[in-house]
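As structure tokens, the structure follows; a few thoughts come after it.
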């Protein structure tokens, strides 16, 4: 059961522009949402998270937005840099539950 | 290197053989997770340890899969009687104590299993 969905397998943007990666979920019990970044031959690396009591969390160039009513979250990267090129995974879990569900990932390519 | 390490990085085996993978978490992390990732998919949660206690194992894929963490440090994941469908990347992650909700998990580089 695909409880976390990333419907865009790939995204290409120009350096300096905004990258917007989207994620939808179906389980209303999810309370905690995370984004991970993965480079080839490495494990995923934690990027940013947000709990359901917030609708926005910002960390430098990265901002995550949460729309609970739409069961949708997005990751904004501004400005995008070539080093941001990677696969980005959205993940979610209920609070105090370590069973984290991942989306299939979106491959971001930032062109110089 | 103080990150999560996994051994081996690659494993090729024949169908029906048993395989065992090892994960060494970051030393002060008491939580350890195993995931499986197949091509084109995100990591799929398998099991979770807090110290030596296996607190969640219902997501293990079948009774051919088992995991241990006998001393609360390193962990092993064993697959018995491997099948071609077991071919995947097996990821281990760890996280520090003190957080009630899942948070930043530190992933190892994974073990890629190929079953011929």
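Protein chains in written order, with my numbering: chain A, 1164 to 1275; chain B, 113 to 228. C-beta atoms are modelled at their ideal positions from N, C-alpha and C, and glycine is treated no differently.
Item, Value
"Proximal residues of chain A, C-beta to C-beta of residue 210 of chain B below 9 Å", "Per Cβ cutoff of 9 Å: no residues; residue 210 of chain B is ~13 Å from chain A at best."
"Residue 1199 of chain A vs residue 1267 of chain A beta-carbon contact at 8 Å", "no"
"Buried/exposed call for residue 1241 of chain A, threshold 16 Cβ in 10 Å", "exposed"
"Status (buried if at least 16 other CB within 10 Å, exposed otherwise) for residue 206 of chain B", "buried"
"Unbroken beta strand (DSSP E) run spanning residue 1209 of chain A, endpoints", "1208-1214"
"Proximity below 8 Å, CB of residue 123 of chain B to CB of residue 223 of chain B", "yes"
"Sequence-distant residues of its chain with Cβ nearer than 7 Å to residue 1258 of chain A (five each side left out)", "1194 and 1195"
"DSSP bridge partner residues for residue 1240 of chain A (one or two, in chain order)", "A:1182 and A:1225"
"Three or more C-beta pairs below 8 Å linking the region 1179-1190 of chain A and the region 173-193 of chain B", "no"
"Cβ-Cβ separation, residue 1222 of chain A to residue 1211 of chain A (assumed contact under 8 Å), whole Å", "5 Å"
"Same chain only: Cβ atoms within 6 Å of residue 229 of chain B, ignoring 5 sequence neighbours per side", "The displayed coordinates of chain B run from 113 to 228. Any statement about residue 229 of chain B would go beyond what the structure contains."
"Chain A contact for residue 216 of chain B (CB, 8 Å cutoff)", "yes"
"Cβ neighbours of residue 1248 of chain A in the same chain (closer than 7 Å, five flanking residues each side left out)", "1271, 1272 and 1273"
"DSSP state of residue 1166 of chain A mapped onto helix, strand, coil", "coil"
"Beta-carbon neighbours of residue 145 of chain B, restricted to chain A and to distances below 9 Å", "1261 and 1263"
"Min CB distance residue 1249 of chain A to chain B below 8 Å", "no"
"is_contact[residue 203 of chain B, chain A] using C-beta, thresh 8 Å", "yes"
"Between the CA atoms of residue 1230 of chain A and residue 204 of chain B - distance to the nearest angstrom", "30 Å"
"Min CB distance residue 186 of chain B to chain A below 8 Å", "no"
"Helix, strand or coil at residue 129 of chain B [DSSP, three-state]", "coil"
"For residue 1264 of chain A: DSSP bridge partner residues", "A:1255 and B:156"
"Chain B within 8 Å of residue 1268 of chain A, Cβ atoms only", "yes"
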